[in-house]
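First the structure, in the form of structure tokens, and then the observations on it.
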Amino acid sequence: MTDRILVVSPSWVGDMVMAQTLYKLLRRRHRDAEIDVIAPPASLSLVTRMTEINRGILFDVAHAELGIGKRRRLGESLRKESYRQAIILPNSLKSALVPYFADIPVRTAFRGEYRYLLVNDMRMLDKKAQPRMIDRFAALGLDREEILPALDYPSLEINEHNRERLQNQFGLTAARPVMGICPGAEFGDAKKWPEHHYAKLADAAIERGMQVWIFGGPKDQTTTQQIKALMTLVNLEHCVDLSGRTSLLDAVDLLSLCGLVVSNDSGLMHVAAAVGCATAVIYGSTSSDFTPPLTDRLDILSIDLSCSPCFKRTCRLGHKNCLNQLMPDRLIPIIEKYRNGLRADESS
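Counting the sequence shown from 1 gives a position; my numbering is that position plus 1.
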């Protein structure tokens, strides 16, 4: 009988990308297993770019919604799949309901939010041994007391046909090497480097012979418009604003053309790392110790302040000094380092 494993994925795009480390580990250990993943609409499409996964299962429920009826119906519909094990990545009680209703015999998760009756393979988190999110995800794919092996970084598949279609649709050319910027952050304003800093950085890159592509969702369009409004007018010829104009998978494919991506701590930052981009990441309210971009081509930018990292959505002190005082000039050497190695000329 085929070994079958169900994973309840995290909701955030970046967390879903990082979860691929677990999927790769499971595939190494269970080569013939069928691995299915439950995910919300915002991140489900990423599963199609992860070769380790057999099937993505949509679970459409609002982030704060208990939705016990929906969870029961989905769980009962999965009983026929005969999963041997469920691995539950979120720590919430509600995230453990579907595997429970599906009667999956082994339900593995860390202790969290009063779910002792729902999880029967309860693990205790060791923050010292498992400092990063990917370490914690991967630990749930191991036997108890097993030591973490070396972990593979996420690596999303690229759809070259879709990438070429998008280049034609948006008139993207290989005339200049590409620097991507990702100025949004779904979690909150305390993660967002100021628009005027991004504008100055974009000007600097363009004046050094590059082009700039701006990535983001519909919610980021106000931010991206402000960045363009603050840029030098003549430089806008070499700046393309893609925010709100692409799907998540479109962004995956287009980010693969960027040699360097400058980003806040966001989901798209993790996508950029997973398609092989060099990444320069600006950390304010959060820390690279827990959720670093998973690439060896990495620059971390932050300021050592007594109030940072605070892990808050908004600055409780009202000044955002951890971001405002991080000047664009700090990124100029990074641009210079990667300028001649950026990839646009590989995709003409």
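Glycine included, every Cβ here is placed at the ideal spot set by N, Cα and C. The structure presented is a predicted model; accordingly, all values stated were derived computationally and were not measured.
Could you pull the start and end residues of the beta strand (DSSP E) that residue i belongs to?
i: methionine 180; result: 179-183
i: phenylalanine 111; result: 107-111
i: threonine 280; result: 279-283
i: leucine 383; result: An answer regarding residue 383 cannot be provided, because it is not within the stretch 2 to 349 covered by the chain.
i: alanine 205; result: Note, alanine 205: premise wrong, no beta strand (DSSP E); alpha helix (DSSP H) at 196-208.
i: alanine 87; result: 86-89
Starting from the C-beta of residue i, find all residues in its chain whose C-beta is less than 6 Å away, skip the five residues before and the five after it, and write them out in chain order.
i: isoleucine 89; result: Val9, Ser96, Ala97 and Ala110
i: isoleucine 148; result: none
i: isoleucine 105; result: Tyr84 and Ala87
i: isoleucine 335; result: Ala281 and Asp300
Which residues does DSSP list as the beta-bridge partners of residue i?
i: tryptophan 214; result: Gly181 and Val241
i: glycine 57; result: Val38
i: leucine 324; result: None, per the DSSP bridge assignment.
i: alanine 175; result: Paired residues: none, contrary to the question.
i: serine 264; result: Cys183 and Val282
i: leucine 299; result: Thr280
Cutting at 7 Å between CB atoms, please list the residues of its own chain near residue i, excluding the five before and the five after it.
i: methionine 17; result: Ser10, Pro11, Ala40, Ser44 and Leu47
i: glutamine 227; result: Glu196
i: histidine 64; result: Ser12
i: valine 276; result: Leu157, Ile159, Val253, Leu256 and Ser257
i: alanine 186; result: Lys192, Lys193, Asn265, Asp266 and Ser267
Are the beta-carbon atoms of residue i and residue j separated by less than 7 Å?
i: leucine 94; j: tyrosine 115; result: yes
i: leucine 183; j: serine 264; result: Before going on, a small fix: residue 183 reads as cysteine here, not leucine. In contact: cysteine 183 and serine 264 (Cβ atoms closer than 7 Å).
i: leucine 119; j: valine 99; result: no
i: glutamine 212; j: arginine 166; result: no
i: serine 286; j: lysine 192; result: yes
i: alanine 279; j: leucine 295; result: no
i: serine 248; j: threonine 225; result: no
Which residues mark the beginning and the end of the alpha helix (DSSP H) in which residue i is found?
i: alanine 275; result: 268-275
i: isoleucine 228; result: 222-231
i: lysine 25; result: 14-30
i: glutamate 337; result: 333-339
So, at 8 Å on beta carbons, what are the nonlocal neighbours of residue i in its own chain, with the 5 sequence-adjacent residues on each side left out?
i: serine 348; result: The pLDDT assigned to serine 348 is 41, lower than 50, so where the model puts this residue is not dependable, and the model offers no usable value.
i: aspartate 190; result: Arg314, Thr315, Cys316 and Lys321
i: glycine 210; result: Arg177, Pro178 and Arg340
Identify every run of the beta strand (DSSP E) within the region 122-165, keeping only runs that are complete inside it and at least 3 residues long; order them along the chain. 122-124
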